[in-house]
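K.L.:
Dropping the structure in here first, questions after.
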Amino acid sequence: MASKMLQFVKRARAMPEKRAAELRRRDFGEIYDEYDPEAAANQAGRCSQCGVPFCQVHCPLHNNIPDWLMLTAEGRLQEAYETAQATNNFPEICGRICPQDRLCEGNCVIEQAGHGTVTIGSVEKYITDTAWEEGWVQPVKPARERRQSVGIIGAGPGGLAAAEQLRRKGYQVHVYDRYDRVGGLMIYGIPNFKLEKEVVTRRADLLERGGVQYHLNCDVGSAESFAALRERHDAVLIATGVYKARDIKAPGSGLKNIFPAMDFLTASNRKGLGDSVPAFEDGTLDANGKSVVVIGGGDTAMDCVRTAVRQGAKAVRCLYRRDRKNMPGSQREVANAEEEGVEFVWLSAPEAFLGDDVVKAVRAQRVHLGMPDATGRQIPQLIDGSHFTLEADMVIKALGFDPEDLPKLFDTEGLEVTRWGTVLTDFKSKMTALDGVFAAGDIVRGASLVVWAVRDGRDAAEQIHHYIQAKAEASAVAAE
């Protein structure tokens, strides 16, 4: 697989004028994941079935990875899918976008022994795609319907995972989302070359066929009051995610053509979905022919640089204040970006943005990593006299996300937040300070991975079930 990918990269670099078009036509995920039954069985058969399955331990969902690898090796794909689905609401999505190099694959004992990891993500993608093709994936059919209802705010991975789990128990589930499509960041934040949008929409459609009811273009706090949702439902789950972009305070930050990452990625994704996007169509949010500088080192930054390459950018640079080994994003994503021609400017921090009305360059300064802080990470320290300038027709700020001010947005008192602005919940019950109001996903833990949102949504659904049942039992006792 690796040699095949390198051949493709060399071929693309040999034809610079065709590189962006070729990358748009064929993404790297397809090159990694061209598995047939024999290839999947051979790869899955490499699993050592070790006594301590570190892959499973380091998976946030604790997926039964050794079991479905064994079933795949034996050609029992339907059973393999059922095993994967038992602990993961979206195995076909996690197989594509999970940073396996930091989780299951990175902790595979075969990888640790130096023989190369079992490609767990690729096998997971293969068996779940096969399950969809064969019709093994069916809508939820509760054993019985319950009269109680649950309102879920947010149609991202956490909210959808909770919705499916609650429907399995027979609850009437209503999902409210401010956007016009189901999926949250999986639709508008993650590029199509990593996660095809039809993969998300078919799962959303399946949930709807199973009885989950969507209320889209519904902005809770304005179009629909939070108080009304609490009155309407027996429990409410807040799973809004975090969307507020972190900013950078530097001279020139108000110049034109400096954009938050989500503005850039949303425009690209909407265009790919066939929407009319004036800011893309007039060239404002289109990187074609431009020198692009992306500031940041996480997975969102990698999505931005790789999207810019596919749009035909003249040059793409990633400016990050730490070194490669301290990148918060996936090392596999960094390698992919390098192979696609992205230049990484390590140990460098932006100092100012230059230009009269429109940004023309980024002035930066070299950094060295000093002593560790209380978290154990080395503190970046500027090096005097180390200024340099990077040409930039477009600057994208990929500095992470913070939560919105939900108590103000929802116009409600008593919803407590932490000093970081995330919603404060009881660790065990997942309930907020408001009775019957729960929270899960990034709005509780801060910006994180899709797989963690799925885990949080599943855990919250279980606690919501216990809460509703306890109330019903208490009411029954009081009525006697």
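The number in this note's numbering is simply the position in the sequence shown, starting from 1, with 11 added.
We put the beta carbon where it would ideally sit given N, CA and C, even for glycine.
The model shown is predicted, which means the values in this text are computed figures rather than measured ones.
According to DSSP, simplified to helix, strand and coil, what is residue 167?
P.N.:
coil
K.L.:
Any chance you could list the alpha helix (DSSP H) runs of at least 4 consecutive residues sitting entirely within the stretch 398–422, in chain order?
P.N.:
417–420
K.L.:
Once the 5 residues before and after residue 318 are set aside, which same chain residues still bring their CB inside 6 Å of it?
P.N.:
Closer than 6 Å at Cβ, skipping near neighbours: 202, 279.
K.L.:
Taking the DSSP output, what are the residues bridged to residue 375?
P.N.:
361, 399
K.L.:
What are the uninterrupted segments assigned as alpha helix (DSSP H) that are 4 or more residues long and contained completely in the stretch 165–223, given in chain order?
P.N.:
The DSSP assignment places 168–179, 196–199, 208–220 as complete runs of the alpha helix (DSSP H) inside the stretch 165–223, in order along the chain (cut-off: 4 residues).
K.L.:
Between the beta-carbon of residue 375 and the beta-carbon of residue 359, is there less than 8 Å?
P.N.:
yes
K.L.:
So what's residue 43 in DSSP terms, helix, strand or just coil?
P.N.:
Residue confidence is low: residue 43 scores 45 on pLDDT, short of 50, so the model does not pin down where it sits. Its coordinate-derived value is still stated next. Correct three-state label for residue 43: helix.
K.L.:
Under a three-way DSSP split, which group does residue 275 fall into?
P.N.:
When secondary structure is reduced to three states using DSSP, residue 275 falls in the helix class.
K.L.:
At which residues does the alpha helix (DSSP H) containing residue 247 begin and terminate?
P.N.:
Run containing residue 247: none in the alpha helix (DSSP H); it sits in the beta strand (DSSP E), 246–249.
K.L.:
Using only CA atoms, which one of 276, 116, 130, 320 lies nearest to residue 68?
P.N.:
116
K.L.:
Would you report the Cα separation of residue 210 and residue 118, rounded to the nearest angstrom?
P.N.:
27 Å
K.L.:
Taking its Cβ as the centre, do 16 or more other Cβ atoms sit within 10 Å of residue 456, making it buried, or is it exposed?
P.N.:
buried
K.L.:
Restricting to Cα atoms, I'd like to know which of 295, 277, 333 is closest to residue 314.
P.N.:
For the residues 295, 277, 333, the minimum Cα distance to residue 314 belongs to 277.
K.L.:
Buried or exposed for residue 476, please, with buried defined as at least 16 other CB atoms from any protein chain shown within 10 angstroms of its CB.
P.N.:
buried
K.L.:
By the three-class DSSP mapping on this structure, what secondary structure does residue 225 have?
P.N.:
strand
K.L.:
With residue 323 and residue 300 assumed to form a contact (beta carbons below 8 Å), what rounded beta-carbon distance in angstroms separates them?
P.N.:
6 Å
K.L.:
Can you tell me whether residue 481 is buried or exposed, with buried defined as 16 or more other CB within 10 angstroms of its CB?
P.N.:
Exposed is the call here.
K.L.:
Report the rounded CA-to-CA distance for residue 157 versus residue 181, giving the unit in angstroms.
P.N.:
C-alpha separation (whole angstroms): 5 Å.
K.L.:
I believe residue 465 touches residue 168 by the beta-carbon criterion, under 8 Å. Please report the beta-carbon distance rounded to the nearest angstrom.
P.N.:
5 Å
K.L.:
Decide yes or no for the touch test of the stretch 243–252 against the stretch 147–165: beta carbon pairs closer than 8 Å, at least 3 of them.
P.N.:
yes
K.L.:
Specify whether the stretch 130–147 and the stretch 51–66 touch according to this definition: at least 3 beta carbon pairs, one from each stretch, less than 8 Å apart.
P.N.:
yes
K.L.:
Can you list, in chain order, the residues of its chain with a C-beta nearer than 6 Å to that of residue 268? Leave out the 5 residues immediately preceding and following it.
P.N.:
Taking residue 268 as the centre and dropping the five residues before and after it, the same chain places the C-beta of 369, 370, 405 closer than 6 Å to its C-beta, in chain order.
K.L.:
Take the Cβ of residue 228 as the centre, count every other Cβ of all protein chains shown within 10 Å, and call the residue buried at 16 or more, exposed below.
P.N.:
exposed
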